[in-house]
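**Q**
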Amino acid sequence: MIIKKTMGLSGEVSIPGDKSISHRSVMLGSLAKGDTYVYGFLQGADCLSSISCFRAMGVNIENDGSKVIIHGNGLHGLKKPSGLLDVGNSGTTIRLMSGILAAQDFDVEVDGDSSIRKRPMGRIMTPLSLMGADIKSKNDNGCAPLLISGKKLKGINYISPVASAQVKSGILFAGLYADGETSVTEPYVSRNHTELMFKDFGADIETSGKTVTVKPAEELYARRIDVPGDISSAAYFIVAGLITKNSELTIKNVGINPTRDGMIEVCHMMGADMVIDKKNSDQAEPVADLTVRTSSLKGCTIGGELIPRLIDEIPAIAVMACFADGQTIIKDAAELKVKETNRIDTIVNNLKAMGADVIATDDGMIINGGKSLHGAVIDSKLDHRIAMSFAIAGLNADGETKILGSECVDISFPGFFEKLNICCK
Ligand code: S3P
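Shown next, in the form of structure tokens:
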């Protein structure tokens with residue numbers, strides 16, 4: 036994809052459904068009794084991988100592109116798939132599904148693409164093994180492919196070394212099948228969609244500070260799910276509207292769950308002109324329309340408990356920091372190294388290629404903003420969030436920016452470039 040400098044952005048943008056909630060809707064819908072109707076499901080490759088895995092385990096899932104209907108098999112109704120389960124590029128699918136598979140009465144192999152095969156699975160294998168699971172890395176390197184042989188599980192109290200919703204959720208899914216209570220304590224609170232949705236589906240789950248406790252379930256019950264727009268996808272348009280001259284963009288129906296709204300906090304810290312029009316503050320998953328206008332931004336420091344609340348938005352935030360006055364420090368974000376790519380490297384190397392003043396640190400990066408960017412060849416390494424973030428940088432760089440592997444945006448945001456183009460003046 037070739038991106039050229041734009042004169043400004045305007046209009047209204049609707050963004051696709053939340054990736055995390057879409058994955059969980061497939062899993063909970065499959066394990067529930069009854070039919071779960073999902074509206075606003077993200078039709079991205081990652082969530083389609085979740086659908087195909089549960090279809091392979093005998094769940095009838097209809098998907099007409101506008102709604103998804105999951106005819107649940109009940110908590111104990113999954114069937115052994117005829118081949119291996121392929122999660123594609125999706126870390127959420129493999130880590131959450133592992134918790135479910137650990138408790139089934141069959142054995143199965145789970146694999147994914149070359150990126151998935153490099154991502155750490157020990158973080159989920161360790162707690163599941165403590166619960167009595169039989170889960171192994173086939174190549175003995177702590178990564179996929181995983182061999183999982185279902186077992187009777189016991190409840191544990193797990194202190195997680197990482198703030199990771201995927202780890203937490205994998206354990207909580209296993210906890211539905213355990214012989215007693217299971218709790219997970221995190222260093223910082225990570226996104227809580229699993230907790231909210233478990234409750235909605237009838238599971239007995241409680242949160243107290245950084246600890247979540249689930250009781251074994253008899254059954255889960257189907258629910259209608261309205262998936263809000265994904266704030267992680269909104270992030271590209273938020274940044275685009277703020278850093279591009281002559282711009283005003285309204286991004287509709289964005290999920291602003293407080294465990295996910297770190298990006299909004301950072302925009303405020305940087306002095307962004309952003310209006311938040313809340314739609315349903317009383318809901319567990321609140322949504323808002325966000326209007327952003329060209330802003331003079333200033334650098335800030337981002338770390339600690341904020342990091343899990345904006346982890347997927349850091350590539351977009353790093354681009355924004357290049358257009359802010361002064362220094363932005365991103366710290367406590369070593370988790371970036373184990374995302375779809377090592378995002379500390381992919382962000383820093385690509386920003387440098389565009390002429391930014393940025394250095395990588397052990398747990399993040401330091402960006403000295405205010406230097407103008409020039410076009411460059413950007414290697415996305417097939418990381419969707421890198422491709423989209425650098426498209427936004429390209430709109431504000433002199434000359435042409437070429438994004439290699441740009442088709443990877445389909446993982447979380449099919450139609451991204453078309454939407455962006457419509458907003459360009
Ligand atoms: C996700 C959790 C986060 C996030 C990922 C989706 C989820 O990963 O980066 O895109 O849906 O639970 P970690 O749990 O590894 O932080």
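For the sequence shown, the working numbering assigns the number 460 to the last residue and increments by one with no breaks.
We put the beta carbon where it would ideally sit given N, CA and C, even for glycine.
Just so you know, these numbers come straight off a predicted model, no measurement behind them.
Within 10 angstroms of the Cβ of PHE89, are there 16 or more other Cβ atoms? Answer buried if so, exposed if not.
**A** buried
**Q** Just to confirm, is the Cβ distance from VAL466 to LEU430 under 8 Å?
**A** Because the chain is modelled from 36 through 460, residue 466 falls outside the range shown and cannot be assessed.
**Q** By Cβ distance below 6 Å, which residues in the same chain neighbour ILE96 in space, the five residues on each side in sequence not counted?
**A** ILE86, ARG90, ILE105
**Q** Relative to the C-alpha of GLY69, which residue among VAL122, ASN385, PHE236 is closest?
**A** Of the candidates VAL122, ASN385, PHE236, the one whose C-alpha sits nearest the C-alpha of GLY69 is PHE236.
**Q** Quick one: is the Cβ of ILE286 within less than 7 Å of any heavy atom of ligand 1?
**A** no
**Q** Whose C-beta lies closer than 6 Å to the C-beta of VAL247 among residues of the same chain, with five residues either side of it excluded?
**A** VAL219, GLU230, listed in sequence order.
**Q** Does the distance from the CB of VAL354 to the CB of ALA422 come in under 8 Å?
**A** No, the Cβ-Cβ distance between VAL354 and ALA422 is not below 8 Å.
**Q** Starting from GLU241, follow the beta strand (DSSP E) in both directions and report where the run begins and ends.
**A** 240–243
**Q** Does DSSP put GLY147 in a helix, a strand or coil?
**A** In the structure shown, GLY147 adopts coil according to DSSP, grouped into three states.
**Q** Which whole runs of the beta strand (DSSP E) in the stretch 128–173 are 3 residues long or more, in chain order?
**A** 142–146, 169–172
**Q** Can you tell me the Cβ-Cβ gap for LYS39 and GLU435, rounded? I've got them flagged as a contact below 8 Å.
**A** 6 Å
**Q** Suppose contacts are defined by Cβ-Cβ distances below 8 Å. Is GLY306 in contact with SER330 by that definition?
**A** yes
**Q** Quick check: what's the CA-CA separation for THR242 versus ILE278?
**A** 38 Å
**Q** Going by DSSP in three states, VAL262 sits in which element: helix, strand or coil?
**A** Coil at VAL262, not helix or strand.
**Q** Which residues in the same chain as ASN281 place their Cβ atom closer than 6 Å to its Cβ, once the five residues preceding and following it in sequence are excluded?
**A** GLY43
**Q** By DSSP, does TYR271 sit in helix, in strand, or in coil?
**A** helix
**Q** With a 10 Å radius around its C-beta and 16 neighbouring C-beta atoms as the bar for buried, classify TYR74 as buried or exposed.
**A** exposed
**Q** Any heavy atom of ligand 1 closer than 7 Å to the beta-carbon of THR161?
**A** No, the Cβ of THR161 stays beyond 7 Å of every heavy atom of ligand 1.
**Q** Is GLU340 near ligand 1 - that is, is its Cβ less than 7 Å away from at least one heavy atom of it?
**A** GLU340 Cβ: outside cutoff for every heavy atom of ligand 1.
**Q** Using a 10 Å radius around the Cβ and a threshold of 16 neighbouring Cβ atoms, would you call ARG130 buried or exposed?
**A** buried
**Q** What would DSSP say about ASP99, mapped onto helix, strand or coil?
**A** ASP99: coil per DSSP, three-state reduction.
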